[in-house]
Every structure is written in C-alpha cells, then in structure tokens.
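A quick write-up on the structure given underneath.
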Amino acid sequence: MSDTQMADKDVMIDIFTRADLIMQSDIKFRKMIGAGQLQIVYYPVRGQEVVSAAMMAAVNQEDYLVTIYRGLHDQLAKGIPSKDLWAEFAGKMAGTCKGKGGPMHITHPETGVMVTTGIVGSGIPIANGLGLASQLEKDGKVTVCCFGDGASNIGAFHEGLNMAQVWKLPVIFLCQNNLYSEHTPMAFATSSETIKQRGDGLGMRSVRVNGNDASEMYAAAKEAVEYARAGNGPTLIEAMTFRFHGHLLGDTGHYIPEAEMEQALKDDPMPILRQQLLDMQISEADIAAIEAKNTAIIDEAAEFALAAPYPPGDEYRIDVLDEEIAA
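Here it is in structure tokens:
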C-alpha cells in the first residue's frame, strides 16, 4: 500500500465492484474459449483490473474513452452493459456493433466508449480530435486515452502529446505500463527509463503511479480529470501494472522471467483491494454480495451471447457508407 490517503468507502466499493466484474469476466472468457464455446481472438486483462476501475470511477459517463484491443477492462469499467459487450465479442447481432467489430473494435457512444483501435497507439490522435471538439464546444467533457508502454515508441504518441500540450486539450493519456509490448520487455525497446519522462520532455503534466493501488490510482485519475475539466490541459499518467497471461490467449508468456511473474502474482491487486475493503469495516457479507451480483451479470451475459443470432448475410453491406450517399 502506498502512502496515498485511502479513498473513502463509497469510492473504494465502486472501484472494487468494477474491478471484480472485470476479473470475473476475464476468467469466464478464458474458460469458455478453452472449452470451445467461443472462437475468438482474446487479449487477457487479468492483473490490470484496478487501473481501469479506478480511472473510470473518476470520470462521468458522458466523458469519452478511447482504448485499444486489450480493452475489456476499460470497456466494462466505463459502463458498457455486459450483455451488449459479450454479444459483440461473440460476433452476434445484439452486440455493440452488430457483431461486426468483435473484440478488437468495440464502440458504444452511449457510455462514452468512442472507439477501440486495433493498431498500437492509433487512438492518440483520435483522442485529440475528441478533446478539441470538447474544447471548441465548451461541453466540459474529458477524454481518456488508454494505451500500453509500447505505444510510446510510435510517432503518433510524440506528435499527439505535443499537440495536446500546445493546444491544452482536455485529454488524459493513460499509459497502462505492464512492462511488455506484446512479447518485448520494455527495456529492450524503450530508451527512457520511464514513460513519464517523455511527457516531462514535452512540458506536460506527467505522473507515475502504482496503477494496482486503488487509492493511488484513483487520486491520480481524479486530479487529472479536474485539471483537464478546468481547462488546464492534458496529463500523462504512467500507471504501473502487470498482465498475468501472455499477449493473447495461447501465448504462454515464456519470455517473462519466472521470478518476475511469481512476484506479480503475489502482488495481485484484487485480493489486496478486497482486504482493504475489509480493513475499512466493509463486511464480508457485503463484499460477497457484490461478487455474487457480478457473477450473475456475467453468467446471464454469456448465455445471452451464446443464444443470440449472428448477423444476417447481407449485414456486411450496412454501416459501410452513409445510406443517403449509398443511395
């Protein structure tokens, strides 16, 4: 636990509720894929639950989110209904994009999830566009842009952050640094010791936090949101975390040193967060009720996704062009 003052009970319960839903969803997805009930490409998020849960607890539903293909935790934390999300992952018509986007292209404007990108770092310029729109319209919205440490090595990162800082855009750049860019350790491909240093070099407000510590992550997120909403400009948050599985399902993670993985598992943020609730005098019964409710939500969503129909054969022609233009 860091020296950061503990968030209040309501906030901690909120973060735990989101994080547990993410954890249980990830476990369920991997189980169903392993059993052959789903045939999809899947990017596990186990280990990174708290980063997203704390970040999204600090924003409003109308605020925007841009995330990447490893985005299940961001999408659930932002509030996409589980049924809609599971149906999209399963490629069903009832999904957020009629089953045509799949796991790598989730979009749900109703909850502010504007785009999920399949190209590393490509969400950064999009987030700037959303931030510029909010700035021009003076709507008070903040955009959260999530990406991994590897994205800090592409041109769009440097150009995008520079533009956001020059124009003082209301964007929070959340680097979920799990130390591995696909199969490559950060030290093998990143010249700076931290991602925060890259924001510092642009004169941007930049912080580096333990993303697995709910209070520390929430405090950083809340400060960044308030800073952006007040018109002061962007923040780069480097949230240190870890993924407990390979880059995608089927990747054994053999490139991760055994001792490093063992330590990460010992520092699993979910049991730690659960114990923090107990330490705050939140009863075991109340915590168990949250977990049971999440289990029911996920089970219902999974059953719904399996039973829902696939898009009809001519659906591929729809949503490609504006109907008036197509006519």
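Each residue of the sequence shown is one higher than the one before, counting from 1 in our numbering.
We treat Cβ as the ideally placed atom computed from N, Cα and C, and that holds for glycine.
The beta strand (DSSP E) enclosing residue i, as first and last residue numbers
i, result
"Gly148", "Thr143 to Gly148"
"Met367", "Because the chain is modelled from 1 through 327, residue 367 falls outside the range shown and cannot be assessed."
"Val45", "Unbroken run through Val45: none, as it is neither H nor E."
"Val66", "Tyr64 to Ile68"
Closer than 7 Å: residue i CB and nearest the ligand GDP heavy atom
i, result
"Leu169", "Judged by which ligands are present, the structure shown has none, so any question about the ligand GDP falls away."
Buried versus exposed, by CB contacts within 10 Å (16 or more), residue i
i, result
"Met1", "Caution applies to Met1, whose pLDDT of 37 falls short of 50 and renders its modelled position unreliable; the value that the coordinates give is listed next. Exposed is the call here."
"Tyr64", "buried"
"Lys196", "buried"
"Met280", "exposed"
"Pro44", "buried"
"Pro271", "exposed"
"Ser206", "buried"
"Arg317", "exposed"
"Met12", "buried"
"Gly231", "exposed"
"Gln275", "exposed"
"Thr130", "What sits at residue 130 in the sequence shown is Leu, not Thr. Buried: at least 16 other Cβ atoms inside 10 Å."
"Phe188", "exposed"
"Asp322", "exposed"
"His254", "exposed"
Proximity test, Cβ basis, 8 Å: residue i and chain D
i, result
"Gly148", "Here chain D cannot be found, since the structure has a single protein chain."
Within 8 Å, strictly: CB atoms of residue i and residue j
i, j, result
"Ser181", "Gly148", "yes"
"Phe16", "Leu273", "yes"
"Thr143", "Pro109", "no"
"Gln48", "Arg208", "no"
"Ile290", "Gln24", "no"
"Thr116", "Tyr69", "yes"
"Ala7", "Ala214", "yes"
"Phe146", "Asp84", "Note on identity: in this sequence residue 146 is Cys, with Phe being the wrong assignment. In this structure, Asp84 does not lie closer than 8 Å to Cys146 by Cβ."
"Gly211", "Val51", "yes"
"Gly71", "Ile106", "yes"
"Ser152", "Thr190", "yes"
"Met32", "Ala302", "yes"
"Ala57", "Asp14", "yes"
"Ala54", "Met217", "yes"
"Lys9", "Glu62", "no"
"Leu306", "Ala90", "yes"
"Thr194", "Glu260", "no"
Endpoints, alpha helix (DSSP H) assigned at residue i
i, result
"Ile297", "Glu284 to Ala307"
"Leu72", "Leu72 to Lys78"
"Ser259", "This sequence places Ala at residue 259; Ser is not what is there. Glu258 to Lys266 is the extent of the alpha helix (DSSP H) around Ala259."
"Asp279", "Pro269 to Asp279"
"Ile22", "Lys9 to Gly34"
So, does the region 220-234 touch the region 169-179, judging by three or more C-beta pairs under 8 Å? Pairwise C-beta distances place the region 220-234 in contact with the region 169-179, as three or more of them are shorter than 8 Å.
List in chain order: all unbroken alpha helix (DSSP H) runs of 4+ residues lying wholly within the region 80-126. As far as the region 80-126 is concerned, its whole alpha helix (DSSP H) runs of at least 4 residues are 82-89.
Let me know the alpha helix (DSSP H) ranges lying completely inside the region 141-221, each 4 residues or longer, listed in chain order. 155-167, 186-189 and 196-201
Taking 8 Å as the threshold, find out whether the region 155-162 comes into contact with the region 118-125 through three or more Cβ pairs. yes
Would you call the region 38-58 in contact with the region 95-106, where contact means no fewer than 3 C-beta pairs closer than 8 Å? Enough Cβ pairs lie closer than 8 Å, so yes.
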